[in-house]
Amino acid sequence: MGASADEPSASAQPKPSRSQRHWKPSRFNVQAITDEGWLLLWNTYTGSLNAFRPAQREPVLELISQKGVSSDGGGITGYLAKRGYLIPKEADELRRVQYAFGQENHRNDILELILLASEDCNFRCTYCYEDFKRGTMRPGVRASIKKLVESRVRTMRELTVNWFGGEPLYGLEAIEDLAPFFAETAEREGLKYFSHMTTNGYLLTEDVAARLLSWRITDFQITLDGLPEHHNQHRPGRDGSGTYQTIYDNLVKLSERDDDFSVVIRVNFAKSNADGLEAFLHSLQEKFSNDDRFTVSFHAVGRWGGDNDANLDVCGKDEAHATHMRLKAAARSLGLRVTSGWRPGVGVGTQVCYAVRPYNFIVGAHGDLMKCTIDLNKKDRNIVGKLLPDGTLDLNTDKMALWTEPAFERDTGCQSCHMLPACQGVHCPQIRMDHGQRPCPSIRFTAKREMVDYFKAKQDGTSSAVAASAPPVRIGGRE
Ligand code: SF4
Ligand code: SF4
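Numbering (numbering that gives the first Met the number 0), first residue to last: 0 to 478.
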């Protein structure tokens with residue numbers, strides 16, 4: 000953890016030659032104290048995390064107390080300022096967040112595409128919210144996507160492509176056409192390039208995996224909902240057959256490769272499978288616990304808008320939270336890496352949904368442009384435009400404004416929240432639209448506990464049990 004390595008002594012004296020300045024604590028500081036008395040500090044704007052030894056705790060707490068401090072900016076005060084825990088007395092932190100939101104949302108050097116290679120799927124999961132009405136991405140849409148990318152290369156520095164569906168590998172034809180094009184364009188133009196796929200894993204055979212990796216699709220999310228008796232109930236094939244064994248075998252084959260890639264094994268839990276999941280984690284231990292490329296991620300099933308919503312045995316909020324914490328602890332104890340809602344580096348903008356970014360678009364199989372991967376084309380508000388044959392985006396201004404607004408500017412509750420920099424009131428704009436509620440990310444409520452867990456894992460030398468970075472995209476569910 001950063002500070003234990005390079006922090007100056009808490010008793011360091013300021014150098015007399017510099018002029019004095021007044022400092023106040025950032026209101027975005029979060030503090031937790033471990034059982035052994037370490038002080039853990041996190042700042043939700045800078046993303047800094049520091050651990051201060053028990054002997055340093057009181058002097059540091061004194062420096063970041065409400066009364067503020069005058070200092071020339073050297074020594075421990077300077078260090079705390081550098082990390083963002085102390086800020087100049089005159090700083091306006093709300094304005095800082097407004098500036099950061101504007102800076103990010105006005106970027107024109109980045110393009111993020113979520114491509115629905117196939118809107119149909121070979122599975123019929125019980126909690127699925129998709130309607131499967133469209134098939135593989137049309138060739139004309141693929142040609143338009145290439146034109147869009149080509150038209151942007153002169154200004155673009157970053158390109159992100161997320162393959163989604165339906166089941167994207169059901170539309171392999173579209174991937175074969177576009178993925179090599181993206182990889183070659185990124186190489187030729189020197190773009191920062193990242194490509195992810197959310198797949199059910201059934202069609203991810205050795206041959207397909209080799210091809211995807213050669214096209215620089217190196218990050219995957221694959222779902223297993225427990226042992227076969229549970230998984231096959233939740234996630235049957237479209238003909239009702241079991242799918243567990245094929246997915247598991249494909250994952251094992253993937254793990255036998257030497258390539259550099261990452262896989263999040265997503266586990267959705269509801270009342271019906273939650274109790275059997277510890278046994279399932281044991282079954283993952285042998286093949287995946289010593290492989291840093293694999294991470295397990297737990298998610299409570301929600302009523303996401305599908306036809307089956309009324310029949311789902313979803314966990315209540317408290318039950319979901321308790322199950323989540325229990326499963327994470329169980330996975331860590333088995334040496335499995337787990338994604339954490341909290342991690343070092345969670346700072347400004349990191350909890351904002353991708354739908355809020357004006358440079359992020361879902362492109363449907365027929366060329367519809369959409370924002371939210373849950374709404375998809377079920378809600379008119381989400382179809383924000385059309386990709387035209389020449390590669391231009393024909394956008395509806397009001398719908399774009401709806402998804403990309405800085406909601407915190409109209410919400411005094413958000414404005415006074417310590418999570419504001421990271422979440423900006425738009426962790427999930429859909430929740431705000433549908434329910435008029437603040438869409439707080441779970442780390443608003445669990446951060447202290449998760450900071451302590453992370454620190455303990457570091458101290459125990461089992462930090463690999465905590466994923467250093469969460470997957471860069473959250474597709475297919477709010478959290
Ligand atoms: S976080 Fe909310 S707005 Fe964003 S994609 Fe998910 S459901 Fe849609
Ligand atoms: S939505 Fe919740 S966590 Fe986010 S800024 Fe508003 S109050 Fe804070």
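We treat Cβ as the ideally placed atom computed from N, Cα and C, and that holds for glycine.
Every value quoted in this text rests on a predicted model; they were computed, and no experiment measured them.
Given residue i as reference, the closest of the options once Cα atoms are compared
i, options, result
"Gly363", "Asp374, Glu228, Val355, Tyr453", "Asp374"
"Asp91", "Ile113, Lys66, Gln65, Ser25", "Ser25"
"Glu89", "Cys124, Gly67, Ile75, Gly73", "Gly67"
"Ser339", "Met418, Thr245, Pro440", "Pro440"
"Phe27", "Pro138, Val96, Ala54, Gln232", "Val96"
"Phe122", "Gly165, Asn272, Gly334", "Gly165"
"Arg56", "Glu35, Thr43, Asp71", "Glu35"
"Arg431", "Ala421, Ala446, Leu401", "Leu401"
"Asp291", "Glu255, Asp130, Leu394", "Glu255"
"Asn161", "Glu175, Leu115, Asp224, Asp119", "Leu115"
"Pro179", "Ser213, Leu168, Thr198, Ala273", "Ser213"
"Leu62", "Ala99, Gln414, Ala80", "Ala80"
"Pro438", "Phe407, Leu158, Lys457, Asp459", "Phe407"
"Thr184", "Leu419, Ser64, Arg156", "Arg156"
"Ile113", "His417, Phe360, Leu392", "Phe360"
"Asp257", "Glu318, Leu419, Asp130, Ala208", "Ala208"
"Val337", "Ala99, Arg356, Asn289, Lys447", "Asn289"
"Trp303", "Leu250, Phe181, Pro53, Gln429", "Gln429"
"Tyr98", "Leu394, Tyr44, Ala182, Ala446", "Tyr44"
"Gln458", "Val29, Ser18, Thr33", "Thr33"
Cross-strand partners of residue i (DSSP beta bridge)
i, result
"Asn107", "None; Asn107 has no bridge partner."
"Thr197", "Gln220"
"Leu394", "Gly384"
"His21", "Ser69"
"Asp367", "Lys385"
"Leu85", "Pro24"
"Arg265", "Thr222, Ser296"
"Thr159", "Glu111, Phe193"
"Cys31", "Checking the sequence, you will find Ala at residue 31 rather than Cys. Bridge partners of Ala31: Leu39."
"Asn272", "In the DSSP output, where bridge partners are listed per residue, Asn272 has none listed."
"Asn359", "Glu111"
"Gly164", "Ser117"
"Phe100", "Answer by DSSP bridge pairing: none, since Phe100 is not bridged."
Burial state of residue i, where buried means 16 or more other Cβ atoms lie within 10 Å
i, result
"Ser8", "Reliability of the predicted coordinates at Ser8 is poor, the pLDDT of 45 falling under 50, and no value is obtained from them."
"Arg237", "exposed"
"Glu228", "exposed"
"Asp259", "exposed"
"Arg342", "buried"
"Thr396", "exposed"
"Gln532", "One cannot answer for residue 532 here, as it falls past the ends of the chain, which runs 0 to 478."
"Tyr358", "buried"
"Ile216", "buried"
"Ser69", "exposed"
"His298", "buried"
"Pro15", "With a pLDDT of 48 at Pro15, under the threshold of 50, the modelled position of this residue cannot be trusted; read the value that follows with caution. Burial call: exposed."
"Asp308", "exposed"
"Asp218", "buried"
"Gly200", "buried"
"Asp379", "exposed"
"Gly497", "The shown model of the chain, from 0 to 478, leaves out residue 497, and the question about it has no answer."
"Ala321", "exposed"
"His434", "exposed"
"Pro87", "exposed"
"Pro167", "buried"
"Phe444", "exposed"
Sub-8 Å separation of residue i and residue j beta-carbons
i, j, result
"Leu110", "Ile144", "no"
"Lys252", "Glu285", "no"
"Gly46", "Gly346", "yes"
"Trp22", "Leu85", "yes"
"Val266", "Val300", "no"
"Leu311", "Ala273", "no"
"Ala354", "Lys377", "no"
"Leu202", "Leu283", "no"
"Ala421", "Thr372", "no"
"Tyr169", "Ser240", "no"
"Thr125", "Phe163", "no"
"Leu333", "His281", "yes"
"Glu175", "Thr135", "no"
"Gly72", "Arg20", "yes"
>> For the structure I just gave you, are there three or more beta carbon pairs, one from the stretch 451-461 and one from the stretch 37-52, closer than 8 Å?
In response: yes
>> I want to know whether the stretch 145-153 touches the stretch 373-392 - three or more CB-CB distances under 8 Å.
In response: yes
>> I'd like to know if the stretch 321-336 and the stretch 74-82 are in contact, where contact means that at least 3 CB-CB pairs between them fall below 8 Å.
In response: no
> Contact between the stretch 131-144 and the stretch 91-109: three or more CB pairs below 8 Å?
Replying inline: no
> Three or more C-beta pairs closer than 8 Å, one from the stretch 261-281 and one from the stretch 150-161: is that the case here?
Replying inline: no
> Quick check: the stretch 329-341 against the stretch 269-283, are there 3 or more CB pairs under 8 Å?
Replying inline: yes
> For the stretch 188-196 against the stretch 231-250, are there 3 or more C-beta pairs whose distance is under 8 Å?
Replying inline: no
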